[in-house]
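Numbering follows the working numbering, in which position 516 of the sequence shown is assigned residue number 1375; successive positions increment by one, without gaps.
Glycine included, each C-beta is placed from N, C-alpha and C at the ideal position.
Since we're looking at a predicted model, the values are computed, not measured.
A short write-up of the structure that comes next.
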Amino acid sequence: MYNTGNKMKYPVFKYRWRWMLKNSPEELWKYISNTELFNHDTGLPPVNDLTADGGELVNARHRLKFYRLGIPVEWVEEPFQWVRPERFGVLREYSKGPVAFMRVIVNLNKIEDGDHKTLLTYDVDITPRNPLGLLAIPIQVGLISRIQFGKIFNRYDSHIGISERSIVFEEKNHLNSGNIDRIHKRAAALPKDETSNHLKEKLLNLLSFGTEPYLSQLKPRTLSVMWNVPYPEVLTFLLQATRAGILQMQWEILCPLCRGAKESYEHLDELDSSVHCETCNIDFNANFEQSVSLTFRPVAAIRQVRGERFCVAGPQVTPHIIMQQLLPPEGMKTLSIQLEEGAYRFRALDSPGNQLVRVVAGGDDKYKIIVSEAGWDDNDIQLSHDVSITLQNDSSHEKLVILERTAWSDEATTAAEVTAMQSFRDLFSSEALRPGQEISVGSLAIVFTDLKASTNLYRRIGDAPAFGLVMDHFDTLKAEIVKENGSIVKTIGDAVMAAFRSPDAAVRAMIGAQEALKLNTNKGQDPLKLKVGIHWGPCIAVNLNERLDYFGTTVNMAARLEGFSSGEDIILSEAVFEDPAIVKMIAEKSAKLDCDKIDTTLKGFEGEKFNVFRITPVNQEG
Ligand SMILES: [Zn+2]
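Dropping the structure here:
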C-alpha cells in the first residue's frame, strides 16, 4: 500500500574513489578545491541562489536550485568545511529532486609512491528521495561520475606547472566569425608595439577558448602570471582593450570579512560606499584601498558571458580562509593544520571580534580555541607551523569557526592602485566618483612640483620659447611619472600634482625628472629647475571638476613642502624620509644622494610639528 504520510526508507549509497596524482596536495589544492571550476567542468547546470528569498538560514547556509534534465532540484547547503590543503567537504539536504541527502568529503593525503605525491580520496554518501533517485544514483554517480571525475582530476594534475592555462581553456571555440571580425575591427584602436601585439593574440585566444567562469572575472595579476608578461603592462593593456570596446570593467566591492564580491559596477560613479554582506551579516563602508577591486570581462558583443555561478561557497571562493569548521552547540573538534609563517585570526561567523595569532618557528604546537559568548581573549598567541588545534564551542549555539590570513590578497587589483595610474587617467578621463561621494584610498605619495623662477625665464628668452620649454617639461615629467606607475592628478599653471602608490616610486620618478630636465637642456642654456615636495599619508578621493582628485591633510602638506625646494633638491616629509624603502635607497645610493634635515618644522593642522628633510642628487659628471 502506498502511504504518502510515511517517507519510504531508502538505502544510503556509499562510494569511495581513489586516484594517485603526481602533484603535491599544496599544488593541487587551488584546483581540486575550486568547486566552481569543477562543477562547471563536470557539466552541472549553473545554480540559482535563493538564500535571500527564504530567510532563516544561519551560519552561511545557502538555499540553492537548478534544473537538471528538466527536473527542479533544490537544496540547503551547509557551509563547506575544510582544512587547507588536506580536506574539504559539504553536506546538502534536498527538498526537491531525486536525492534526499548528499555528503561529499575529499581528502588529499601526501604519499611517496614513485611519481605520485598525492592520494586523492573522494567519498560520496548519497540517499535517494524517491524511486527515480533509487534508479538513477547507481548509474549517474556510481558509474558516470566516477569516470568523469577521474578524468577531470587527472587533467588538472597533468597541467599544473606545465601549462596551467589549459585548465581554464576548452577545446570548443566560443567565437563565431562575426565576433572575431568585431574584435579585429576594435583592436585596430590598440597600440601597435610588440607587447600590445603579443597581448592581443593572447587575449583573442582567451576570448575564444576560455571557460565562462574564468572569463566572467578576469584578474590582471593572474593573467600576468599566465601570459608571463609584467603586471603593469597587462593592466595597461586591459584598460586599453576596454577603451577599444573589447572588454568592460567591473568594479567589485569586497566584503572585509569573507572578501566576496558583494556589488559590481561598470562605472565608478555608480558606486555606493555603504554595503551589506548577506553571508557575514554585516554592513560596511567601501574604501578604495581594500574593498574595491577591478576585474574585467568581455563585452556582450564580443562574447556573451552570463556570469553564472556553479558553486557559491567552496574553499576557493574564500581562498584566504585556511580552515573553516562547523561546531554544534557545546561541540569540540581537534585538527592538525600546517601553516606558513605570518599573521592569522580566528573568528566565528555572527560573533563579534576575533582572536589574532602569529605563526612562527617555535610557537605552540598544541592550542585550544574556545568560542563562547564572552568573546575572545587578547593574549599574544604564537603557533608553530605544524599545530594541533582544538576548537571548543562553549556556547549554546552552533558556530562556524574560521581561521584566516589577515593580509589582503595581493591577487586583487585595487581601485586605489588603478586610479593612481596615468594610463587609467588618460584612457578614462571622465571616470570619476559621483559628485559629493568621498572614498578613502588608503595612503598615497603625493608630489607637488613647480618650475623655479619661471617668470624670469619668460622675461629672459621671450614668451613663445619659454612656453615651449614649459610644455616640454610637462612631457618629461609625465614620462618619468608613468615609468614609476604614478599619475598626474592635475596641473596648475607650471605646477604639477602627482600621485604614487609608494614613496620610493615618487622619489625615483622625481630624481629621474630632474636628471632628464638637465640632459634635455641645450648647450649654453640654463637648465629648468624643478622644485619638488613629497609627502605620504592617507588621502580621500573625490570628484572635482569631473575628474578624480584627492584631498586631505596629506595633499595640503605636500603642497607646502614644495616651497622649501631650491630646484636642485627634493623635499621629503618625515613620513617619506623614514619609509623603509627610502632608508634603503639612501643607504645604497649614499654616494649619489646627500641628505640633511632642514632647520625648520612645519606645523600641522592640530599643532603637530613635522620634521622636513632635503635630499640632493650629487652631480656625478663633474
Ligand atoms: Zn562577507
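Test item: CB-CB of residue i and residue j under 8 Å
i              : j                  : result
leucine 1058   : valine 1093        : yes
aspartate 1128 : arginine 1284      : no
glutamate 1427 : threonine 1475     : yes
arginine 1162  : histidine 1033     : yes
arginine 943   : valine 965         : no
aspartate 1142 : serine 1152        : no
alanine 1417   : isoleucine 1393    : yes
leucine 1049   : glutamine 1099     : yes
leucine 896    : asparagine 907     : no
leucine 1407   : threonine 1278     : yes
aspartate 1457 : phenylalanine 1436 : Residue 1457 is actually isoleucine in this sequence, not aspartate. For isoleucine 1457 and phenylalanine 1436, no; Cβs fall outside 8 Å.
threonine 901  : isoleucine 1011    : yes
valine 1164    : glycine 1104       : no
glutamate 1263 : arginine 1217      : no
proline 997    : tyrosine 869       : no
glutamate 1257 : leucine 1194       : no
glutamate 1167 : proline 905        : yes
valine 822     : phenylalanine 939  : The structure shown does not extend to residue 822, since the chain is modelled only from 860 through 1481, so no value can be given for it.
glutamine 1281 : valine 1341        : yes
tyrosine 981   : phenylalanine 960  : no
alanine 1172   : glutamate 1433     : no
CB contact below 8 Å: residue i versus chain D
i            : result
leucine 1065 : Reference to chain D is not applicable here, since this structure consists of a single protein chain.
Where the alpha helix (DSSP H) through residue i begins and ends
i                  : result
phenylalanine 1008 : 1005-1018
aspartate 1438     : Here aspartate 1438 belongs to no alpha helix (DSSP H), and DSSP marks it neither H nor E.
aspartate 1334     : 1322-1342
glutamine 1373     : 1362-1378
leucine 994        : 990-998
threonine 894      : 894-900
Sheet register partners of residue i (DSSP bridge)
i               : result
glutamine 1281  : Answer by DSSP bridge pairing: none, since glutamine 1281 is not bridged.
histidine 1135  : Asp1142
lysine 955      : Glu933
aspartate 974   : Paired residue(s): none; aspartate 974 is not in a bridge.
glutamate 1122  : Ile1112
glycine 1411    : Its beta-bridge partners do not exist; DSSP assigns none.
arginine 946    : Val942 and Asn966
glycine 1069    : Phe1028
proline 1476    : Leu1452
arginine 877    : Thr980
isoleucine 1229 : Gln1251
aspartate 1223  : Leu1242
aspartate 908   : Leu923
threonine 1459  : The partner list for threonine 1459 (beta bridge, DSSP) is empty, contrary to what the question assumes.
glutamine 1214  : Phe1205
leucine 1431    : Ile1393 and Phe1472
Where residue i sits in the DSSP three-state scheme
i                  : result
phenylalanine 1169 : coil
aspartate 1128     : helix
glycine 1481       : Unreliable placement is indicated for glycine 1481, whose pLDDT of 39 sits below 50; the coordinate value is still reported in the next sentence. Glycine 1481 falls in the coil class under three-state DSSP.
glutamine 1149     : coil
lysine 1031        : coil
valine 1088        : coil
asparagine 1402    : strand
arginine 1318      : helix
arginine 1264      : strand
tryptophan 888     : helix
phenylalanine 1423 : helix
serine 1289        : coil
proline 1050       : coil
leucine 923        : strand
arginine 1041      : helix
valine 917         : coil
glutamine 1175     : helix
glutamine 1163     : coil
histidine 1394     : strand
alanine 1354       : strand
alanine 1418       : helix
lysine 1061        : helix
glutamine 1197     : strand
threonine 1101     : helix
proline 1079       : helix
Residue range of the unbroken beta strand (DSSP E) whose run includes residue i
i               : result
serine 1180     : The question names serine, yet the displayed sequence has isoleucine at residue 1180. Run containing isoleucine 1180: 1180-1186, per the beta strand (DSSP E) assignment.
glycine 1301    : 1298-1310
isoleucine 1105 : Here isoleucine 1105 belongs to no beta strand (DSSP E), and DSSP marks it neither H nor E.
Check your understanding: In chain order, what are the residues with a CB under 6 Å from some non-hydrogen atom of ligand 1?
Key -> Cys1114, Leu1116, Cys1117, Gly1119, Cys1136, Thr1138 and Cys1139
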